[in-house]
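Below, the structure written as structure tokens:
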């Protein structure tokens, strides 16, 4: 399934659903490929044509989908480890392993990452133990060997990194590892010095991690085929960076600047804590050395995009603004609290004269703005070469330079329209019907509170007559006007009329694609991520009910939703 030149002729609708948040029939405490297959069928049955995911690459220990240990390797916890999906795992091994876990506790409430990952790794190890017993001419084994050859560009370095990470008790900061193993080249030399039995043992673990990736990639390709057969476009996500201690930095350190770390400047929207309000968001991702990447015509990026296109019909470019210029921090996130207490002069002294700033340049002169515009345009053009035209969308939210919309328009790459942020010269909300066709309309992303949660917070401020009450009431009244309910009392309960009108108005927008977060679709309040919050409360929230019970639980909401999709012309018949 692919786009053609007339893709914008027919408006469509989709859903954003973080995979970890989905509850499948037999998941083990986290959404997996089987749950995603269920979700695809549900999406198709309800007239949607697109399903947007968060990044699926292997995550670091903080479990953020945007803090990844590899630009290529997939997150093992997304693997369905039930024998129906994992051919090498027997029912007997499956039951025996699960008997050692409190599965009921594991699947309740939020994601329990430590427990889930430990259980899934044990199941995958059991499958691997049986896989290695296969005969040399076994088709399953031959398929695996073909996979290793096809993915050799990244797989060998990744498995070296991954086995060393395990050897060092999963301590991700490889600067603390054995000095002989702190980068790929020295680690390969170190391997040749090992006694034979130790070398063979280490290579077996590398082979296990290779097997895990084969299983993950095979399952994700299966899901892609299911989506294509259902007429559902899967939208993937390309994180703006990789973890500072990722397999990519470990093996290709010449492509990354680990002294300067990417983030975003202070802005009006995300003010979740004093540090973010003062300094901005410090994501801790190494900056790219674009000059080094250019030497081989950006092969690292080309391979990355080509690889993800195996699983997704469309790719969302996370923080596309960072391709033009990115906000750089001279200290890692673990030092944020320390810098919060410093004056600007003290911070300058501690960093030897460097404060957070835009790289390569701020848009402070026409020459710098022109340079930034040209670089971003060139990179996006390269991405298009690999993804294909009409198969990229750009997350262009934040403090947007004036040249970015022009570049996206020229390349016909849709950016995002969030109603509260789209204003005219008089600072009034622009009617949704006036949004440009080449755009994606949504009320919220994974970084925002669900709209019901936000609405009820505004109403709470009004009731309690808090200092924020005037602004909260003004915002609600603006939105009531936006959804054609100007005379409604701002304290009217969200559920029902307001919820339905918000969805109806967005579906009637001028945008080619409307994406609604699953929590906004069902009127739920779970928060997936609170930017700037470094606690373990992010990336753990799950939808309370399993996918197969949504129709019964949300009958009224889904009936009005189907009607709104039909009336807006976005409903797609299966």
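Numbering (my numbering), first residue to last: 1101 to 1674. Where a beta carbon is used, it is the ideal one built from N, C-alpha and C, also for glycine.
- Put simply, the backbone Cα of residue 1230 is about 20 Å away from that of residue 1177.
- Among the bridge pairs identified by DSSP, residue 1540 is matched with 1516 and 1613.
- Boundaries of the beta strand (DSSP E) around residue 1382: 1381–1388.
- By the criterion of a C-beta distance shorter than 6 Å, residue 1596 is surrounded by no residue of its chain, once the five residues flanking it on both sides are discounted.
- Secondary structure note for residue 1308: its alpha helix (DSSP H) is the uninterrupted segment 1296–1330.
- In the three-state DSSP reduction, residue 1657 falls in the helix class (H, G or I).
- DSSP places residue 1577 inside the alpha helix (DSSP H), whose first and last residues are 1569–1582.
- Contact between the stretch 1290–1303 and the stretch 1238–1246 is not established, with fewer than three Cβ pairs separated by less than 8 Å.
- When beta bridges are read from the DSSP output, residue 1124 appears opposite no residue.
- Beta-bridge annotation (DSSP): residue 1157 is paired with 1174.
- With contacts defined as CB atoms closer than 8 Å, residue 1624 and residue 1552 qualify as a contacting pair.
- Around the beta carbon of residue 1235, fewer than 16 other beta carbons lie within 10 angstroms, which makes this residue exposed.
- Note that the C-beta distance between residue 1267 and residue 1309 is not below 8 Å.
- The beta carbon of residue 1311 is closer than 6 Å to those of 1228 in its chain, skipping five residues each way along the sequence.
- The criterion of a C-beta distance shorter than 8 Å is satisfied by residue 1352 and residue 1400.
- Under the three-state reduction of DSSP output, residue 1672 falls in the coil class, being neither helix nor strand.
- For residue 1334, the enclosing beta strand (DSSP E) has its first and last residue at 1333–1338.
- Residue 1181 and residue 1233 do not touch by the CB rule: their CB atoms are close to 19 Å apart, not below 8 Å.
- In the three-state reduction of the DSSP assignment, residue 1117 falls in the coil class.
- Taking the CA atoms as reference points, residue 1557 sits about 19 Å from residue 1600.
- The stretch 1486–1494 makes no contact with the stretch 1447–1456: fewer than 3 CB pairs, one atom from each, lie closer than 8 Å.
- Under the criterion of beta carbons closer than 8 Å, residue 1383 and residue 1361 qualify as touching, at roughly 7 Å.
- By the Cβ neighbour-count rule, residue 1377 is exposed, with fewer than 16 other Cβ atoms within 10 Å of its own.
- Residue 1337 is a Cβ neighbour of residue 1416, given a cutoff of 8 Å.
- Between residue 1419 and the set 1412, 1329 and 1516, the nearest pair of CA atoms involves 1516.
- Following the DSSP letters along the chain, one finds residue 1469 inside the alpha helix (DSSP H) bounded by residues 1466–1487.
- Classified as buried, residue 1219 has 16 or more neighbouring CB atoms from the shown chains inside 10 Å of its CB.
- A Cβ-Cβ contact shorter than 8 Å links residue 1389 with residue 1357.
- Residue environment: residue 1519 is assigned as buried (16 or more neighbouring CB atoms within 10 Å of its CB, all protein chains considered).
- In the DSSP annotation of this structure, residue 1457 is not part of any alpha helix (DSSP H); the continuous beta strand (DSSP E) holding it starts and ends at 1457–1459.
- Two segments are said to touch when three or more pairs of C-beta atoms, one from each, lie closer than 8 Å; by this definition the stretch 1328–1343 touches the stretch 1146–1161.
- By the Cβ neighbour-count rule, residue 1278 is exposed, with fewer than 16 other Cβ atoms within 10 Å of its own.
- The stretch 1199–1214 and the stretch 1146–1155 do not touch, with fewer than three beta-carbon pairs separated by less than 8 Å.
- When the Cα atoms are used, residue 1331 and residue 1247 turn out to be separated by approximately 27 Å.
- Here DSSP, grouped into helix, strand and coil, assigns residue 1494 to strand.
- The alpha-carbon separation between residue 1672 and residue 1224 amounts to approximately 38 Å.
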